[in-house]
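Going line by line, the protein sequences match chains A and B.
Following full-length UniProt numbering, the numbering of the first sequence begins with 1 at its first residue and continues without gaps.
Following full-length UniProt numbering, the numbering of the second sequence begins with 1 at its first residue and continues without gaps.
Just so it is clear, CB atoms sit at the ideal spot from N, CA and C, and this is done for glycine as well.
Here the structure is laid out as structure tokens; the discussion comes afterwards.
There are 2 protein chains.
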Amino acid sequence: MPVASKMSGKRSSMLVPVAGAAATLAAVNCFVAPSSGQPAAPAAPQLRGNVRGVEAGSAGTTTAAGAVCGAAALAVAASAARGGARRQRAAPAAQKATAVSTEVETDCINAIRFLAVDAVNKANSGHPGAPMGQAPIGYVLFAEEMNFNPADPAWVNRDRFVLSSGHGCMFQYSVLHLTGYESVSMDDLKQFRQWGSKTPGHPENFETAGIEVTTGPLGMGVSNAVGLAAAEAHNAAVYNKPGLPLIDHYTYCIMGDGCCQEGISHESCAYAGHLGLGKLIVFYDDNGITIDGHTELSFTEDVGMRYEAYGWQVLTVEDGNTDVAALRKAIADAKACTDKPTLIKVKTVIGYGSPNKADSHDAHGAPLGSDEATATREQLGYKYGEFEVPQSVYDVFRAHAAEGAKKQEEWNALWARYQEAEPELAAQFKRIAIDKKLPEGWADCLPKVTPEDSGKATRLWSQDCLNALASTCPELIGGSADLAPSNMTLMKCTGDFLKGSYEGRNMRFGIREFGMGAVSNAISLDKTGLVPYCATFTIFSDYMRNAIRIAALAQAGTIFVTTHDSIAVGEDGPTHQPIETVPSLRMIPGLTVIRPADGNETSGAYKVAFELSKYKSMPTFMALTRQALPNLPNSSIANVEKGAYAVVEEADPELILIGTGSEVSLCVDAAKELGKKVRVVSMPSWELFRDQPLSYKNNLLPKDVPKLSVEAAVTMGWGEWADAFVGINCFGASAPGGTCMDKFGFNVPNVVACAERCLKGEKGVLSDGSQGKH
Amino acid sequence: MPVASKMSGKRSSMLVPVAGAAATLAAVNCFVAPSSGQPAAPAAPQLRGNVRGVEAGSAGTTTAAGAVCGAAALAVAASAARGGARRQRAAPAAQKATAVSTEVETDCINAIRFLAVDAVNKANSGHPGAPMGQAPIGYVLFAEEMNFNPADPAWVNRDRFVLSSGHGCMFQYSVLHLTGYESVSMDDLKQFRQWGSKTPGHPENFETAGIEVTTGPLGMGVSNAVGLAAAEAHNAAVYNKPGLPLIDHYTYCIMGDGCCQEGISHESCAYAGHLGLGKLIVFYDDNGITIDGHTELSFTEDVGMRYEAYGWQVLTVEDGNTDVAALRKAIADAKACTDKPTLIKVKTVIGYGSPNKADSHDAHGAPLGSDEATATREQLGYKYGEFEVPQSVYDVFRAHAAEGAKKQEEWNALWARYQEAEPELAAQFKRIAIDKKLPEGWADCLPKVTPEDSGKATRLWSQDCLNALASTCPELIGGSADLAPSNMTLMKCTGDFLKGSYEGRNMRFGIREFGMGAVSNAISLDKTGLVPYCATFTIFSDYMRNAIRIAALAQAGTIFVTTHDSIAVGEDGPTHQPIETVPSLRMIPGLTVIRPADGNETSGAYKVAFELSKYKSMPTFMALTRQALPNLPNSSIANVEKGAYAVVEEADPELILIGTGSEVSLCVDAAKELGKKVRVVSMPSWELFRDQPLSYKNNLLPKDVPKLSVEAAVTMGWGEWADAFVGINCFGASAPGGTCMDKFGFNVPNVVACAERCLKGEKGVLSDGSQGKH
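What follows is the structure, encoded as structure tokens:
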């Protein structure tokens, strides 16, 4: 195989045998190929120089690779190391996927590479370099290791795969196509990045069957992988019984330098290490290139050492471009370590095989071009044309897919046995994970109050709701970013989800908001019917804003429970007082924002959020108060579902006051003072109200009646509902919460004064909080 | 000193001598107290059991502590280790601050503790536990180590201090008060967390002189510290000459468990390690308690190992509650390591001294209460009442402050010599750092174009602006989060700001947006006149949203340069296409958002941003296009400063089209088609337009003329300016940018159709992008 000058420096350094390699090579010749009738495994001299050790990073020493002698022998060796459920792969029956000649194996790997190269060239847009480097990982995972069934992408016990470096999505489309997912035909590949295609510029689970999560925003994918592995661990702990491993799969992930640098990966990976998620296997594609150039420019930390500090097992594959054996060995070692997640640091060359662009950021985010594609074909010895895949390659991938289908059949049989042996748990699993229904009458558990009941903070009503639901719905799982006693989010009926107690449902996310958001999204996208919630102060939703956005975009049913939702936070001051936070979240398409005003409205918020999560896999953002609020007349779960309703009815109003959350009772008080016919509307959710019939909306908020909004937040956007606004368009201040509300204008006299101006026809911002700054 | 039962377990384990301690103790007796005439240093037996080793974390071995024998001898030892500028402290003249009796030293430490306890009790709100644990660090820093002058908090060469765990701000107010800052009187302490006080619930640089940066949002402070240290390194590299160390100070920071867990600290601290910022010294207050309880619940990583992986020196102080000597030794070791930042892991007990609340989250965020305060006084042997500080304690802190004033005098003399020796650099320093002016005629360098000049993307105009300003204004420093070739943010006239080339101004932030934002904010808050910019894709401003918010709140003059500002991003798809991003940032008070439409408008954006940064220390957010745009008639820098202006004038319009950025030229094209009297308004900045005289606003946008806004973003908020809106209220899609714009309605026929509806009186959202989803 020709090696161009640009490559040779890097490759030749890789050819220096590592300690133990000589012994390994000696061992190779002793190994016997399986008597399979398939082409004999090639002899040692035919190995493509890819016998490598897998460095056990934790000790800094180098261990010998497992004895290797071509692909078939490797499979035996790796399989022996694996044991357990996967042992049968070594048996002759399973020879198809693994007893592959070196030549075909190389073609398989190159097929991934060239589908990426060709699709990016055709689109004249995209990222060919990463798939070219990651192709051997793709081959080992999708032609050998992973359990999946392209005919049923939703099979509940499939292995999960996440491409955290989502820009390299042609990697994923290539393997989905090669393994036979209907969602990605050759025509789809040719439509890469085009309008309406199934192959968008980043992997989108809501567009393409076989994609588990939406990636692209860096660091989000690996955090999703942590969430998927956490969901697996939880479901396994709840449902598995001796001899009945109902949920038993791995979560694989590939991430790049960008993911490693992003803070979110620190949060989620530290959390994964803390949890000891042994079935999480992450490949770090260590190609040394980012958009700005070589990683030395910005990224010189010791990634492996950092992951060891997190409590991960860290392995290294020195030559990820060709050394398939080392990849297999690393995966086997990862599986052998059951109490820690594993990071496999794979050294690859970005754009591997491209004579003029490999190992350069030129290969990162631009097409190779037709000439370079040809030159790369030549260099890698790939004999097939543009978008051409030899049948022998399809055969390998589809044989493995067929194995996956068989695995699902075996699982179906297991599920049948499980239903007999564990009828109660089976019924629960069926409802939650398969039928994805909520229990009959589940919402009856939510608290209902009258105005006579003493009021309390909506964060406390939320605690009641969560605890009622926790008992009724075992699929509820979640927690807070270290604010459980402030967010009031602990479920009393269950324990902590921790290493050794994965059956617990209280997640202890630590002070890691962004990681928490992405982990929670993935628990929903695991599609086993779990309903995840996560909590922090309203203001710190800023820290996980992109996770909230991705929940809405990728259709993840996360319930974002946030408390301390306005300047009424008080003493903690402006860094902790949301002003623009809630309004700005109303701008995210697909996100339902609810700011309840009392006990019934909080119950309504949970009713809506639960149904959105379970039935539509869509997120909800709740903004709850720190301070106590009275219970309102007319509030009810049903009224929350309408988004807005009259708290104080008035058939023929002269004025309408519209409030949300803590300002609704202020509006009620102001209405009493006004001495006019005033309707008071509570509007817990703009999104829900927008979805109501026009007649309902027009009856509640008639066009010709002056309307004043009152909300302790920026006024932007209120023009959709009101003529004039009371809000706060400046930052808050440190003082007791009641003082803050009063000083910034959220008091009866100011609302009354503004209402009178509104009655006189004044429009726009009548009170903006600036009085508090004087 | 009495030790309560709750404490004794923890303390006794700390009393086990570390390796080498015996030898150290032997050495103690050989040490001679300085012949100062001050009270003799106490003999070894009087030491408060605080002889400790400092663990050199990097090797995992334990080194002996410096020889210690009471405070005075310690000062000699530590000072000898320090050398250089601080050597004089060992001389008799400097005895005041350091030759302190053990008893007074203990009182000094306890004074910090009890001011915190008393202020939190009085406010009935706040966080006493952290200051109680951190008090010895405060003593060593503010009574011995740091150079500062309370009479001139703005002295340019002062040491910087950042309390990253900002909730413990009573720590900072206590030491500011004790050292004599006028900003924090005893009355101010008594007004802790009250309306209008100088002692808000988190440290706010814009409220309290002596506070460098605003902290509270966890992880932000330590990232600010990295930025302050980077600013120091840059200024030192630019200005220092042999014998003339004009800028030569340290940056100290205390962070807690929360900061360590937050992703932003990963980003900034990895960056600091990469840069090798040797004058950054961070104390990690390792107290093992977070709000949820003991850190074992969520946080079991090896923090020290992680920081070593980042390239930091890691030291450990085993007993931060009492072992002042070990703290001194650690600081000396930190200073001795000049090419790496240092993390000093200090094991403390939260709420140290409180018999019933120490080492518990009860001490974290709630007052101790009066009884417990009394019991704590008893336990710690503090004889003084509520808010009572003995003169002897003031004497110690103020003597050190007087030393600081002397240091500033010495620096003033140095500055005088510098001006003679280096007139040119001195003039530059004076303009930039002292007078904080921009060069005469600086804005003349900005590009000016006519409609005849060929158009290009505003990110390319931005590149021209940045490069022109980089040559004109050496205070411009910044870079991109690994998107320099996409954001077009490299300055060609200067090199990279990296280890060994701190004089360079191109910062290579890596794929670390949030860290980048906080580092950039701190470069502005360093108050040496630097103008920082930082860049990423518009959508990923989400990742650093809280840093943008804090820039606006804390008055940091960061220029946020973002590109790829709409669905016209194209192929990368909805994860990369901002929809709500720009509108949601318009909600942040104090942030100026500018979306320029062509070359002149981009120049105008930079004119505004530079002046805001330099003269008002306020941030600007720019949203720039990926795609080329034509140059417009009437566009100019002056018109951008007005926020909005007529691109196509029409004295008596029937209709007004209002666009921003890339949609302005679309409006111009649509106006031509309409065959009516149409005014086209470009509105690059809502905030700037709001600030115009009412007459200008009413003339440009008369109330009685129908107005249609056209912006490729969500429509929320446009009601402030227009009657009807063309926007996109759904997520985008992966396809070429032009296709996306067209499919989602940003084309001439659709704008014309909507304009005609607007002319007929239709209001509200006329086009919301949903046509693209069918």
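Which stretch, first to last residue, makes up the beta strand (DSSP E) that contains residue i?
i: L343(A); result: 342-347
i: Q313(A); result: 313-317
i: A535(A); result: 531-537
i: N506(A); result: 506-508
i: G478(B); result: 476-480
i: M220(A); result: Run containing M220(A): none in the beta strand (DSSP E); it sits in the alpha helix (DSSP H), 220-239.
i: F621(B); result: 620-624
Looking at the unbroken alpha helix (DSSP H) that takes in residue i, where does it start and where does it end?
i: T374(A); result: 370-380
i: T739(A); result: 737-743
i: F560(B); result: Premise fails: F560(B) lies in the beta strand (DSSP E), 559-563, not in any alpha helix (DSSP H).
i: Y418(A); result: 391-421
i: S665(A); result: 663-674
Measure the alpha-carbon distance for residue i versus residue j and round it to whole angstroms.
i: E207(A); j: G772(B); result: 15 Å
i: R82(B); j: T581(A); result: Confidence at R82(B) is low in this model, with a pLDDT of 34, below 50, so its placement is unreliable and no value can be given for it.
i: E762(B); j: N698(A); result: 16 Å
i: L759(A); j: C667(B); result: 37 Å
i: M544(B); j: E513(B); result: 6 Å
i: R193(A); j: D565(A); result: 40 Å
i: K340(B); j: G510(B); result: 18 Å
i: V28(B); j: A326(B); result: Here the model assigns V28(B) a pLDDT of 31, short of 50, so the residue's position is not dependable, and the following value carries that caveat. Going by the C-alpha atoms only, they are around 14 Å apart.
i: L688(A); j: T592(A); result: 7 Å
i: L25(B); j: L498(A); result: With a pLDDT of 32 at L25(B), under the threshold of 50, the modelled position of that residue is not reliable, and no figure is offered here.
i: A64(B); j: G385(B); result: Note that A64(B) scores a pLDDT of 32, beneath 50, so its modelled location is shaky; the value from the coordinates is reported in the next line. A64(B) and G385(B): Cα-Cα distance of roughly 39 Å.
Going by DSSP, which residues form a beta bridge with residue i?
i: S767(A); result: V726(A)
i: T290(B); result: G293(B)
i: M305(A); result: Answer is none; M305(A) lacks a bridge partner.
i: C754(B); result: DSSP lists no partner for C754(B).
i: residue 797(B); result: Nothing about residue 797(B) can be read from this structure; chain B reaches only from 1 to 774.
i: K707(A); result: I656(A)
i: D496(B); result: N506(B)
Does the Cβ of residue i have 16 or more other Cβ atoms within 10 Å, making it buried, or fewer, making it exposed?
i: A93(B); result: Note that A93(B) scores a pLDDT of 36, beneath 50, so its modelled location is shaky; the value from the coordinates is reported in the next line. With fewer than 16 Cβ atoms within 10 Å of its Cβ, A93(B) is classed as exposed.
i: S709(B); result: buried
i: G495(B); result: exposed
i: A334(A); result: buried
i: P217(A); result: buried
i: T251(B); result: buried
i: G196(A); result: exposed
i: D319(B); result: buried
i: S454(B); result: exposed
i: G381(B); result: exposed
Is the region 595-605 of chain B close to the region 446-466 of chain B, with three or more CB pairs under 8 Å? These segments touch.
Evaluate contact between the region 307-316 of chain B and the region 121-134 of chain B, counting only Cβ atoms and requiring at least three cross-stretch pairs below 8 Å. no
Looking at C-beta atoms only, is the number of pairs between the region 368-383 of chain B and the region 149-159 of chain B that lie closer than 8 Å three or more? no
Check whether the region 602-622 of chain B and the region 739-747 of chain A are in contact - that is, three or more C-beta pairs closer than 8 Å. no
Counting pairs of Cβ atoms below 8 Å between the region 245-262 of chain A and the region 273-289 of chain A, do you hit three or more? yes
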